[in-house]
Ligand code: IPM
Ligand code: MN
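In the UniProt record's numbering, the protein residues as written are 7 to 359.
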């Protein structure tokens, strides 16, 4: 079989439990599909920073970029902070800018058997939020101007940075249409170009790129209206593309409509590297109790398999997760945790592979 090299970052809090679940499923699906695995651990994250003073070891970015893909658990701990209160582990920033993974791709899909925060049915919520991942307001991370009684951060939009992520969104819309998902693919540009000039540039670049894709519909939504429509009319969406900070906020909002943060995985895609992680944080209060929902990590694994060209294995993982919910083998509590714990989800998915 083909060899798939996967670098693994277990992460902080619930990260190790989630990653263990995903590795168990990965080993099983690899065996069934004739994939030879080469799994390498890369210690990284907030706990690692506390111990070593570094979020990642020297040479880590090269090792991560050399692997076919990176499977990563959530990172961050509330007490590992800079004096100003921002994240000191900074792994998100280290990896996203360090690996130049410019597209943060977040599929949002309501599974059969799952109740979201709105009255929609499975099939009505099935879109992908594409978050720009290397600039926007996050470019100001650690670089804002801070005085005693005022602080300012800058939102950076570049033509090149916008063009590449918007292009990614249009290509993705085409692929989804090819998969028979929509009669006519569409990309929505989400911004606040009515207020901020940075967003006006984002929109102008979006329009330029859209002109190269006559087969894909293009429209605009202001971010506030997008927040409304993601709740009230999620069936209207196919692919959305937006600035970093807007994407951070709207992806959590979107997750609430499909059963919570535990239901959403993400792909961080660059030209030379890719890593796959849940959209949520490390939930330290849940850590070590076997209560966390591994679905976000399992769906991230499916994205990893798809990205590395293992489509049948990716489809198998996705279908097994879907059936576990559809059959009622996994049910979520009001808080979004699996009622019978992390291991029961892993077992239900393994049974259905
Ligand atoms: C996410 C997370 C990160 C972010 C945090 C953990 C820094 O919320 O991936 O959405 O803000 O990007
Ligand atoms: Mn977030």
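Idealized CB from N, CA, C, for every residue including glycine. As the structure is a prediction and not an experimental result, all values here were calculated from the model.
- Ranking 207, 246, 77, 233 by CA distance to the CA of residue 224 puts 246 first.
- In this structure, residue 254 has its CB closer than 7 Å to one or more heavy atoms of the ligand IPM.
- Straight across, the Cα-Cα distance linking residue 58 with residue 97 is about 14 Å.
- Of the other Cβ atoms in all chains shown, fewer than 16 fall within 10 Å of the Cβ of residue 37; this residue is therefore exposed.
- Put simply, of 195, 229, 148, 264 the residue whose alpha carbon is nearest the alpha carbon of residue 94 is 148.
- Pairing residue 205 with residue 172 gives a Cβ-Cβ distance that is not under 8 Å.
- DSSP places residue 284 in the strand class (E or B) of the three-state scheme.
- Taking 8 Å as the cut-off, the beta carbon of residue 299 is found no closer than this to the beta carbon of residue 355.
- With respect to the 8 Å criterion, residue 20 and residue 293 are classified as neighbours on the basis of their beta carbons.
- Assigned with DSSP and collapsed to three states, residue 190 falls in coil, not helix or strand.
- For residue 137, the pairing in a beta bridge is given by DSSP as 110, 248.
- Taking the Cα of residue 358 as reference, the smallest distance to any Cα among 217, 327, 43 is reached at 327.
- Apart from the 5 residues on each side of it in sequence, residue 165 sits with its Cβ closer than 8 Å to the Cβ of 207, 211 in its chain, given in chain order.
- Taking one beta carbon from each stretch, the segment 67–80 and the segment 272–282 have 3 or more pairs nearer than 8 Å; the two touch.
- Beyond the five residues adjoining it in sequence on each side, residue 183 comes within less than 6 Å, by CB distance, of 191 in the same chain, given in chain order.
- Boundaries of the alpha helix (DSSP H) around residue 171: 165–184.
- DSSP places residue 69 in the uninterrupted alpha helix (DSSP H) bounded by 66–72.
- Contact annotation: residue 114 and residue 331 have beta-carbon atoms that are not nearer than 8 Å.
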